[in-house]
Amino acid sequence: DTAVSQTPKYLVTQMGNDKSIKCEQNLGHDTMYWYKQDSKKFLKIMFSYNNKELIINETVPNRFSPKSPDKAHLNLHINSLELGDSAVYFCASSQAGGLYGYTFGSGTRLTVV
Amino acid sequence: AQSVTQLDSQVPVFEEAPVELRCNYSSSVSVYLFWYVQYPNQGLQLLLKYLSGSTLVKGINGFEAEFNKSQTSFHLRKPSVHISDTAEYFCAVSPTNAGKSTFGDGTTLTVKP
Chain S
1 DTAVSQTPKY
11 LVTQMGNDKS
21 IKCEQNLGHD
31 TMYWYKQDSK
41 KFLKIMFSYN
51 NKELIINETV
61 PNRFSPKSPD
71 KAHLNLHINS
81 LELGDSAVYF
91 CASSQAGGLY
101 GYTFGSGTRL
111 TVV
Chain R
1001 AQSVTQLDSQ
1011 VPVFEEAPVE
1021 LRCNYSSSVS
1031 VYLFWYVQYP
1041 NQGLQLLLKY
1051 LSGSTLVKGI
1061 NGFEAEFNKS
1071 QTSFHLRKPS
1081 VHISDTAEYF
1091 CAVSPTNAGK
1101 STFGDGTTLT
1111 VKP
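Top to bottom, those sequences are chains S and R. Residues 1 to 113 (the working numbering) are what the first sequence spells out, left to right. Residues 1001 to 1113 (the working numbering) are what the second sequence spells out, left to right.
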């Protein structure tokens, strides 16, 4: 039973396309996150939802739009993809404000060509 | 606001040798402290956490960490490493009053035979 699952695992697309990444957690956690990891392995938070409400919205181009249909799902839609969007995107979830740490998905490697 | 500094970006070590990965933090509020491990092509996995109580905490895979409040440090140690410990290690802090976790830039541990 995968706790936090992301699809797809790999995504190769051309510049200018629009793509979505999906994330689901079966842990009953109330908060979900999107992180971007660049080629140097630096982790940068992008968004966070608590019970479907956006609570963290970092400085991210508005081409990136998160959507949480329910507290178990958090999707990321990216419009007009650019070369610089190439990275690994991680979904994570937590309970009680992260008191017990985060559970991460296995990542989506996005390559824009 | 909080920040996390991982003092070594890369730590090479021979198999069965001891290792210490250093982490310092600064915060204007009380924080919880975490170490995560990321094996190649995988998501982050929680190694251990400090919430309160004993300053020495034990985690999975034989790792332990010591919280030092006066030095605002949370160094990770293992007395004898294995080849399989080769991975990226991230230190993170979360405010106790809930809020986003702040991650360090990571330390690449390479265990050589």
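Quick reminder that beta carbons are idealized off the backbone N, C-alpha and C, glycines included.
Suppose contacts are defined by Cβ-Cβ distances below 8 Å. Is residue i in contact with residue j by that definition?
i, j, result
"S/Ser86", "S/Leu110", "yes"
"R/Thr1096", "R/Val1029", "yes"
"R/Val1093", "R/Tyr1025", "yes"
"R/Gln1010", "R/Thr1108", "yes"
"R/Gly1104", "R/Val1031", "no"
"S/Pro69", "S/Leu76", "no"
In angstroms, rounded to a whole number, what distance separates the CA positions of residue i and residue j?
i, j, result
"S/Phe104", "R/Gly1043", "6 Å"
"S/Gly16", "S/Val112", "9 Å"
"S/Ile21", "R/Cys1091", "27 Å"
"S/Thr114", "S/Lys44", "Residue 114 of chain S is absent from the structure shown; chain S starts at 1 and stops at 113."
"S/Val35", "S/Asn50", "What sits at residue 35 of chain S in the sequence shown is Tyr, not Val. Distance between the alpha carbons of S/Tyr35 and S/Asn50 is about 15 Å."
"S/Ser39", "R/Ala1065", "28 Å"
"R/Leu1007", "R/Asn1068", "15 Å"
"R/Phe1074", "R/Leu1033", "7 Å"
"S/Phe90", "R/Thr1110", "23 Å"
"S/Tyr10", "S/Thr108", "5 Å"
"S/Gln6", "S/Leu54", "19 Å"
"R/Lys1100", "S/Ile78", "23 Å"
"S/Gly98", "R/Leu1021", "23 Å"
"R/Lys1112", "R/Ile1083", "7 Å"
"S/Leu83", "S/Lys19", "13 Å"
"S/Arg101", "R/Leu1056", "Correcting the residue identity first, residue 101 of chain S is Gly in this sequence and not Arg. C-alpha separation (whole angstroms): 17 Å."
"S/Ser106", "R/Asn1041", "8 Å"
"S/Gln14", "S/Pro8", "16 Å"
"S/Gln25", "S/Ser48", "14 Å"
"S/Val88", "R/Ser1054", "36 Å"
"S/Cys23", "S/Met32", "9 Å"
"R/Trp1035", "S/Ser93", "16 Å"
"S/Phe42", "R/Cys1023", "15 Å"
"S/His73", "R/Ser1027", "31 Å"
"R/Leu1047", "S/Asn62", "34 Å"
"R/Ala1098", "S/Ile56", "12 Å"
Can you find the residues in the same chain that come closer than 6 Å, C-beta to C-beta, to residue i, ignoring five residues on each side of it along the sequence?
i, result
"S/Ala3", "Leu27 and Thr103"
"R/Gln1045", "Val1037"
"R/Val1019", "Val1013, Lys1078 and Val1081"
"R/Tyr1050", "Leu1033, Val1057 and Phe1067"
"R/Thr1102", "Gln1002, Val1004 and Val1093"
Could you pull out every residue in the same chain whose Cβ sits closer than 7 Å to the Cβ of residue i, ignoring the five residues on either side in sequence?
i, result
"R/Gly1062", "Lys1078"
"S/Met46", "Trp34, Tyr35, Lys36, Glu58, Val60 and Phe64"
"S/Asp30", "Asn50, Asn51, Lys71 and Gln95"
"R/Thr1086", "Leu1109, Thr1110 and Val1111"
"S/Val12", "Thr111 and Val113"
Which whole-angstrom value is the C-beta distance of residue i and residue j, which I expect to be below 8 Å?
i, j, result
"R/Gly1106", "R/Glu1088", "5 Å"
Spatial neighbours of residue i within its chain, please: CB distance less than 8 Å, with the 5 preceding and 5 following residues excluded, ordered by chain position.
i, result
"R/Ser1070", "none"
"R/Glu1015", "Val1081, His1082, Ile1083, Val1111, Lys1112 and Pro1113"
"R/Ala1017", "Ser1080 and Val1081"
Chain-ordered residues of the segment 1034-1045 of chain R with a beta carbon less than 9 Å from chain S = Phe1034, Tyr1036, Gln1038, Asn1041, Gln1042, Gly1043, Leu1044 and Gln1045
Can you list, in chain order, the residues of the segment 14-46 of chain S whose Cβ is nearer than 7 Å to any Cβ on chain R?
-> Lys41, Phe42, Leu43 and Ile45
Between the segment 54-69 of chain S and chain R, which residues of the former have CB atoms less than 8 Å from a CB of the latter, in chain order?
-> Ile56
Interfacial residues, the segment 95-110 of chain S to chain R, with Cβ spacing under 9 Å | Ala96, Gly97, Gly98, Leu99, Tyr100, Gly101, Tyr102, Thr103, Phe104, Gly105, Ser106, Gly107 and Arg109
Against chain S: residues of the segment 1086-1101 of chain R by CB proximity under 9 Å | Glu1088, Phe1090, Ala1092, Ser1094, Pro1095, Thr1096, Asn1097, Ala1098, Gly1099, Lys1100 and Ser1101
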